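There are 2 protein chains.
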Amino acid sequence: MSTLLGHNFIAGHRSAQGSKHLQSLDATTGEALPYTFIQATEGEVDAACRAAEAAFDEFRHLSPARRAEFLDAIADEIDALGDDFVAIVCRETALPAGRIQGERGRTSGQMRLFAKVLRRGDFLGARIDQALPDRKPLPRVDLRQYRVGVGPVAVFGASNFPLAFSTAGGDTAAALAAGCPVVFKAHSGHMATADQVGCAIIRAAEKTGMPNGVFNMIYGGGVGEWLVKHPAIQAVGFTGSLSGGNALCKMAAERPQPIPVFAEMSSINPVVLLPQALATRGETVAKELAASVVMGCGQFCTNPGLVIGVSSPAFTAFLGQLQEQMAAQAPQTMLNAGGLRSYTQGLEHLAAHPGVTHLAGEAQSGSQARPQLFKADVALLLQGDELLQEEVFGPTTIVIEAQDDAQLKAALQGLRGQLTATLIGETDDLVAYQWLVPLLEQKVGRILVNGYPTGVEVCDAMVHGGPYPATSDARGTSVGTLAIDRFLRPVCYQNYPEALLPEALRNSNPLGLKRLVNGEWSDAAL
Amino acid sequence: MSTLLGHNFIAGHRSAQGSKHLQSLDATTGEALPYTFIQATEGEVDAACRAAEAAFDEFRHLSPARRAEFLDAIADEIDALGDDFVAIVCRETALPAGRIQGERGRTSGQMRLFAKVLRRGDFLGARIDQALPDRKPLPRVDLRQYRVGVGPVAVFGASNFPLAFSTAGGDTAAALAAGCPVVFKAHSGHMATADQVGCAIIRAAEKTGMPNGVFNMIYGGGVGEWLVKHPAIQAVGFTGSLSGGNALCKMAAERPQPIPVFAEMSSINPVVLLPQALATRGETVAKELAASVVMGCGQFCTNPGLVIGVSSPAFTAFLGQLQEQMAAQAPQTMLNAGGLRSYTQGLEHLAAHPGVTHLAGEAQSGSQARPQLFKADVALLLQGDELLQEEVFGPTTIVIEAQDDAQLKAALQGLRGQLTATLIGETDDLVAYQWLVPLLEQKVGRILVNGYPTGVEVCDAMVHGGPYPATSDARGTSVGTLAIDRFLRPVCYQNYPEALLPEALRNSNPLGLKRLVNGEWSDAAL
Chain A
1 MSTLLGHNFI
11 AGHRSAQGSK
21 HLQSLDATTG
31 EALPYTFIQA
41 TEGEVDAACR
51 AAEAAFDEFR
61 HLSPARRAEF
71 LDAIADEIDA
81 LGDDFVAIVC
91 RETALPAGRI
101 QGERGRTSGQ
111 MRLFAKVLRR
121 GDFLGARIDQ
131 ALPDRKPLPR
141 VDLRQYRVGV
151 GPVAVFGASN
161 FPLAFSTAGG
171 DTAAALAAGC
181 PVVFKAHSGH
191 MATADQVGCA
201 IIRAAEKTGM
211 PNGVFNMIYG
221 GGVGEWLVKH
231 PAIQAVGFTG
241 SLSGGNALCK
251 MAAERPQPIP
261 VFAEMSSINP
271 VVLLPQALAT
281 RGETVAKELA
291 ASVVMGCGQF
301 CTNPGLVIGV
311 SSPAFTAFLG
321 QLQEQMAAQA
331 PQTMLNAGGL
341 RSYTQGLEHL
351 AAHPGVTHLA
361 GEAQSGSQAR
371 PQLFKADVAL
381 LLQGDELLQE
391 EVFGPTTIVI
401 EAQDDAQLKA
411 ALQGLRGQLT
421 ATLIGETDDL
431 VAYQWLVPLL
441 EQKVGRILVN
451 GYPTGVEVCD
461 AMVHGGPYPA
471 TSDARGTSVG
481 TLAIDRFLRP
491 VCYQNYPEAL
501 LPEALRNSNP
511 LGLKRLVNGE
521 WSDAAL
Chain B
1 MSTLLGHNFI
11 AGHRSAQGSK
21 HLQSLDATTG
31 EALPYTFIQA
41 TEGEVDAACR
51 AAEAAFDEFR
61 HLSPARRAEF
71 LDAIADEIDA
81 LGDDFVAIVC
91 RETALPAGRI
101 QGERGRTSGQ
111 MRLFAKVLRR
121 GDFLGARIDQ
131 ALPDRKPLPR
141 VDLRQYRVGV
151 GPVAVFGASN
161 FPLAFSTAGG
171 DTAAALAAGC
181 PVVFKAHSGH
191 MATADQVGCA
201 IIRAAEKTGM
211 PNGVFNMIYG
221 GGVGEWLVKH
231 PAIQAVGFTG
241 SLSGGNALCK
251 MAAERPQPIP
261 VFAEMSSINP
271 VVLLPQALAT
281 RGETVAKELA
291 ASVVMGCGQF
301 CTNPGLVIGV
311 SSPAFTAFLG
321 QLQEQMAAQA
331 PQTMLNAGGL
341 RSYTQGLEHL
351 AAHPGVTHLA
361 GEAQSGSQAR
371 PQLFKADVAL
381 LLQGDELLQE
391 EVFGPTTIVI
401 EAQDDAQLKA
411 ALQGLRGQLT
421 ATLIGETDDL
431 VAYQWLVPLL
441 EQKVGRILVN
451 GYPTGVEVCD
461 AMVHGGPYPA
471 TSDARGTSVG
481 TLAIDRFLRP
491 VCYQNYPEAL
501 LPEALRNSNP
511 LGLKRLVNGE
521 WSDAAL
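Set out below in structure tokens:
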């Protein structure tokens, strides 16, 4: 790792004009790692954004197949990051090597999936309405539409997925696939990881002949504001806290030219336990649920933070079993010291509320997060108490016991927008509680049956999004191939000479696209 | 027109709880028309939003074919609005009967086009990734995605299209097609028109068995704020001024739950005149362009407000011809007195600027708008002067003469986002100036060649949108079938029992959709 420079990535070069030095920390011991990073100056942030802007025109005009080569090359470079790289990520995040190896594969797989989307071509949204010169009362002129990248995208990576939601993560992959150069703000929690991944992207860009400035990365605290306010930036991707996401949305809305922010923020991911399932397999559910709550030290966006069911002897038995399970979970090291502080504060807020009872978990102390179980009065949801709505990031969950179905319904209606909702039920349960589905559809981006939300498949059908405050725009997803839509906008060409049209819209259909032609889908030439 | 009640439309009934009475005016004479409208109270706005919310669940679960029946029925009712209706619209707007008859056909045609979209079904965006239980290292669970309506939509109609962009206009059609009930804020400039169209929609809703509350309409000034801030409203469609659109965006962003606003606002629609075209047909262009500038008294969103070319003898000759053409244009009555005041002010601002020269048009006075031609120094665009960027709503345009191609490029780069840009050129021109296209693609939603922007076809390929300030979200369009996308969001179903899945996602494919199944498009059953 002698190549770990710690300089900003600007237009294919490294830049270190600033005087503020940053250290990466070992997440387990808190000691400084032997790498130094140079905080970007305002001039460097400007240069990074200008580099992305300068690259945009060439990059977006590359054929989808050429951009796919670039994404595949990034995937290869990421797969080639070896054991020494995994060791660095583990030191910066306290995540185990097996998890990081898995995440590396997920990250390269994500790039390859977007390469496939590029080769399939439907993301272009090609539509053609041919001229109807003889139409009465007025003729129709030839009109053709496809989608282009919105422009340079600023991406803020997540702390909790140092690879899959970070430097070469989902937002970066979606933006590059859309033809948008990226300026990435490295997360302060894993700067050495970011540096290595940034180098991998640059190697891929060089190997596949991409324009300088297609990918840029800056280090530092507080530099994000310059980035979001820069006139070259046309959209923002963010994964993090509600307060962080709200702040970025406000900045973006107050620009002379407002831009969209796709922020994935806060979700408590309710799990609804249905009666037959509790009666027949309550103990198994308790075990599986506890495992989901503590997975990755509870630091998943889709961590099940709220468990709700209707009062019954089986529910009471389940509660006892969940109490046992949660009490038996080992403490774990969190991603960083700030995360542990927030977790501790979150637990204190819960404990201090008269409507909340502590059910399991040793008193929080020391350098690791201790798993905790709480029970809250259903009244908190019915009355819209803020406490339950805020995600406590860490290995804890809150159980709610509704008196009957009507109260269950009212409690779920009291929830704000979520990434996911889960139904645990037998076949009869699911039929009897079918009325829950329309309610949940309006609250969440993904509804799971008999699973746990802490696995997010990267595929075409995934939605990792949902109504506010889960995200800032329920119409997007930040995982899966639909994520590319966030960074595309339609452009229409009227009465255009064939030779000047983009390839996607030419009569000969050189890209072999399925196009909406005169109201019918067709992959034929015209 | 004895049925013209003037009461608010709430949940299929009429309501007049307020004490403030509003009058509709004859746009030509300024005299009050014999219809009285009752301003909605805050309670009535709440009731209208609650009615939309209550209708949402039933309405969105209707099959696309059932919603298509509703839209077709609205189209039939609109077509049946007869000569007495046209006469009212003409009195309220000062637009000629021929134009209103044409707009009536455009409005019903728009409804029928969205009915076709519903029957085609691709708007549902169905995607299926089947389970891969044997995948290594981890199995894949079954995941299915489609799109649902976002919820009740608030629509603010435009003054300048009393039918096609108003009560039953494009935003209403797109929202209803998406399964979103509508609360429409009637425009104060054509309340009698709105009342008649509102009745037509309600008749169609009753004939096709739609839930009460699927369409609601409120009258009044200042009631829009209650509407946008109402918790039941999930998105806003707006066509109007930049200041009005910005104000709605701000309100929507500051809600406890922020919601998206799709505002179509300000555009000056540059027309670029290329040298060969000027040399061979400058006089024809001058004539056509003048006709486009004064069409509908210059009150189109796509009115060509800026004409730009490179200095040459042909350009000078063209300028003289345009001057003659514009001087010969007759004054026209604007949509309302406020419009005339704004136009007069806009002209005064132009005349007062030292960089702007008045070239043609009689001094503005009286009750009609007099067509005007100005020339502005190219420096205004190069220096980003605000004056040229603001749309002057009315029959006027501004000519800019660039010294050379480099200055033409720099001037166009100085423009903000636009709905359209137009190139007038011979074949050789278009090849020589191909470098303009990438620049214009980043500025506008629609690029026209050898046409004029003041005709907006309603079809699949149309984009009536563009970067800010043309609209608040460049990723949308408010004309054409893509407009439905603004009011849809994706929902994902994980590991769902077949019988509980929405029809669009069932294995048997009962809707006969083209779906993205395991990464390939298919209309087969699974």
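Read top to bottom, the protein sequences are chains A and B.
Just so it is clear: in the first sequence, position 512 is 512 by UniProt numbering, and no numbers are missing.
Just so it is clear: in the second sequence, position 239 is 239 by UniProt numbering, and no numbers are missing.
Backbone N, C-alpha and C define an ideal beta-carbon position, used for all residues, glycine too.
None of the values given here were measured: they were computed from a predicted structure.
LEU62 of chain A is a Cβ neighbour of GLY179 of chain A, given a cutoff of 9 angstroms.
Nearest neighbour of ASP405 of chain B by Cα position, chosen from B:GLY244, B:SER311, B:ALA80, B:SER19, turns out to be B:SER311. Here PRO304 of chain A is buried. Its C-beta has 16 or more other C-beta atoms within 10 Å. Here VAL197 of chain B carries a helix assignment [DSSP, helix/strand/coil].
The beta carbons of VAL214 of chain B and ALA205 of chain B sit closer together than 9 angstroms. Contact check between the region 237 to 251 of chain A and the region 373 to 380 of chain A: fewer than three CB pairs, one atom from each, fall below 8 angstroms, which does not count as touching. If you check each beta-carbon in the region 454 to 468 of chain A against every beta-carbon of chain B, the ones closer than 9 angstroms belong to GLY455, GLU457, CYS459, ASP460, ALA461, MET462, VAL463, HIS464, GLY465, GLY466, PRO467, TYR468.
With fewer than 16 other beta carbons inside 10 angstroms of its own, ASP122 of chain A counts as exposed. Contacts with chain B at 9 angstroms (Cβ-Cβ) include ILE128 of chain A. Chain-order list of chain A residues neighbouring THR477 of chain B: PRO490, by C-beta distance under 7 angstroms. For the C-beta of ASN450 of chain A, the chain B residues within less than 7 angstroms are, from N- to C-terminus, ASN495.
Chain order gives no chain B residues near ARG66 of chain A, where near means a beta carbon separation below 7 angstroms; the closest approach is about 17 angstroms. Under the three-state reduction of DSSP output, VAL236 of chain B falls in the strand class. Residues of the same chain with a CB within less than 6 angstroms of the CB of PRO162 of chain A, apart from the 5 flanking positions on each side, are VAL89, THR93, HIS190, THR193 in chain order. Just measuring C-alpha positions, the residue of A:ASP57, A:PHE315, A:GLY221 sitting nearest LEU22 of chain A is A:GLY221. Apart from sequence neighbours up to five positions away, the residues of its chain that approach LEU511 of chain A with a beta-carbon distance below 6 angstroms are GLY121, GLU503, ALA504, ordered along the chain. Residue pairing for GLY149 of chain B: DSSP places it in a beta bridge opposite B:LEU488. Non-local C-beta neighbours of GLN323 of chain A in its own chain, meaning closer than 8 angstroms and more than five positions away in sequence, comprise LEU359, ALA360, LEU373, ordered along the chain.
In the three-state DSSP reduction, ASN246 of chain B falls in the helix class (H, G or I). Buried is the label assigned to THR397 of chain B, since at least 16 other Cβ atoms lie within 10 Å of its Cβ. Inclusion of ALA164 of chain B and THR107 of chain B in the CB contact set at 9 angstroms is warranted, their separation being smaller than that value.
SER159 of chain A and SER166 of chain A have their alpha carbons spaced roughly 8 angstroms apart.
Across the set B:THR284, B:LEU388, B:GLY394, B:HIS349, the C-alpha of B:GLY394 shows the shortest separation from the C-alpha of PRO371 of chain B. Counting other Cβ atoms within 10 Å of its Cβ, GLY480 of chain B reaches 16 or more and is therefore classed as buried. Residues of the same chain with a CB within less than 8 angstroms of the CB of ILE447 of chain A, apart from the 5 flanking positions on each side, are THR420, ALA421, THR422, LEU423, VAL437, LEU440, GLU441 in chain order.
In its chain, beyond the 5 residues on either side, ARG67, LEU71, PHE114, VAL117, LEU118, ILE484 have a beta carbon closer than 7 angstroms to the beta carbon of ALA177 of chain B. The three-state secondary structure of PHE59 of chain B, taken from DSSP, is helix. Beta-bridge pairing by DSSP links PHE184 of chain A to A:VAL155, A:MET217.
If you draw a straight line from the Cα of THR344 of chain A to the Cα of PHE156 of chain B, it comes to about 47 angstroms. Here SER478 of chain A is buried. Its C-beta has 16 or more other C-beta atoms within 10 Å. For the set B:GLN276, B:ARG281, B:SER241, B:SER365, the Cα lying nearest the Cα of ALA263 of chain B is the one of B:SER241. One finds LYS514 in chain B with Cβ atoms closer than 7 angstroms to the Cβ of TRP521 of chain A, taken in chain order.
For GLN110 of chain B, the nearest beta carbon of chain A is not closer than 9 angstroms to its own beta carbon. Within the same chain, GLN130, ALA131, ASN495 come within 6 angstroms of ASP142 of chain A by CB-CB distance, once the 5 residues on both sides are set aside. The C-beta of GLY417 of chain B has 16 or more other C-beta atoms within 10 Å across all chains shown, which makes the residue buried. In this structure, the alpha-carbon of PRO313 of chain A lies about 11 angstroms from that of GLY282 of chain A.
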